[in-house]
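Inspection log for the structure reproduced underneath, given as structure tokens.
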Amino acid sequence: MADDEGAAARRRRPEPADPATLRAWRRTGLVLGTPGALLVVAAVVTGSLGGGSTAAGLSAVGALAAAAAVVFLQRVWSEPRHPRTRFTVVGERAARAFWALWGLGVLLNAVRIVLGVPALVPLQAGVGLLLLAALVVVLVTAARVPAVAGD
17 MADDEGAAAR RRRPEPADPA TLRAWRRTGL VLGTPGALLV VAAVVTGSLG
67 GGSTAAGLSA VGALAAAAAV VFLQRVWSEP RHPRTRFTVV GERAARAFWA
117 LWGLGVLLNA VRIVLGVPAL VPLQAGVGLL LLAALVVVLV TAARVPAVAG
167 D
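In terms of my numbering, the sequence shown is residues 17 to 167.
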């Protein structure tokens, strides 16, 4: 059924992107995803050393960069011209899990504030986001993109 949903999503696109555009979107995803994951790691290290406000700023910027990267990479994978490989399938699943975990993290932070849930609970969602963002970046790096004449 997931394949039917992917095919339906590809049919809704007004026009397929050319290979040069796919490569540009892929590069943009990698350019945003790699530093996004590194900023979240830096936030965890800074937070563990006691730099609360610095850690919060780093994690916010890192999470937004990782989210933007996932958006660009999902757009690449949704194109009919992009080859369907095992990297693509796993990457799409990881991207969907990323967004589910993002929503769970927002919900957990709201519940933490209202009900006093320990800070470790939303932190686990953040670690999961970091791992999924890193997985998506690794999968995109490993996957091949169709060559473009003149590249």
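Built from N, CA and C at the ideal position, the CB exists for glycine as well.
In chain order, what residues of the same chain have a beta carbon less than 8 Å from the beta carbon of residue i, not counting five sequence neighbours either side?
| i | result |
| --- | --- |
| L117 | A141, G144, L145, L148 |
| V133 | L124, V127 |
| L120 | A141 |
| P32 | E95, P96, R97 |
| I129 | none |
| T10 | Here the chain has residues from 17 to 167 only, and residue 10 is not among them. |
Exposed or buried, which one is residue i when buried takes at least 16 other CB atoms within 10 Å?
| i | result |
| --- | --- |
| T104 | buried |
| G66 | exposed |
| P99 | exposed |
| P138 | buried |
| V86 | buried |
| L131 | exposed |
| G166 | Any reading at G166 is ruled out, since the residue's pLDDT is 44, under 50, leaving its predicted position unreliable. |
| L80 | exposed |
Between the C-alpha atoms of residue i and residue j, what's the straight-line distance to the nearest angstrom?
| i | j | result |
| --- | --- | --- |
| E108 | L155 | 10 Å |
| V122 | W115 | 11 Å |
| A150 | L54 | 9 Å |
| V164 | V106 | With a pLDDT of 46 at V164, under the threshold of 50, the predicted position of this residue should be treated as unreliable, though the coordinate-derived value follows. Using only the alpha carbons, I get a separation of about 25 Å. |
| A36 | G73 | 34 Å |
| V77 | D34 | 31 Å |
| A40 | A84 | 14 Å |
| L136 | S64 | 12 Å |
| A111 | A82 | 10 Å |
| G52 | A113 | 17 Å |
Excluding sequence positions up to five away, which residues of its chain have a Cβ less than 6 Å from the Cβ of residue i?
| i | result |
| --- | --- |
| V57 | none |
| S75 | V56, A59 |
Cβ-heavy atom distance between residue i and the ligand ZN below 7 Å?
| i | result |
| --- | --- |
| A149 | In the structure on display, the ligand ZN does not appear, and there are no ligands present to speak of. |
Between residue i and the rest of its own chain, which residues show a CB-CB distance below 7 Å, the 5 nearest in sequence each way excluded?
| i | result |
| --- | --- |
| T70 | T62 |
| T50 | V153 |
TODO: Give a yes or no on contact between the region 90-98 and the region 34-49, applying the rule of three or more CB pairs nearer than 8 Å.
DONE: yes
Open item on the list: Give the list of continuous alpha helix (DSSP H) stretches no shorter than 4 residues that lie fully inside the region 59-94.
Closed with: 68-93
Open item on the list: Which runs of the alpha helix (DSSP H) at least 4 residues long sit entirely within the region 102-154? Give them in chain order.
Closed with: 102-131
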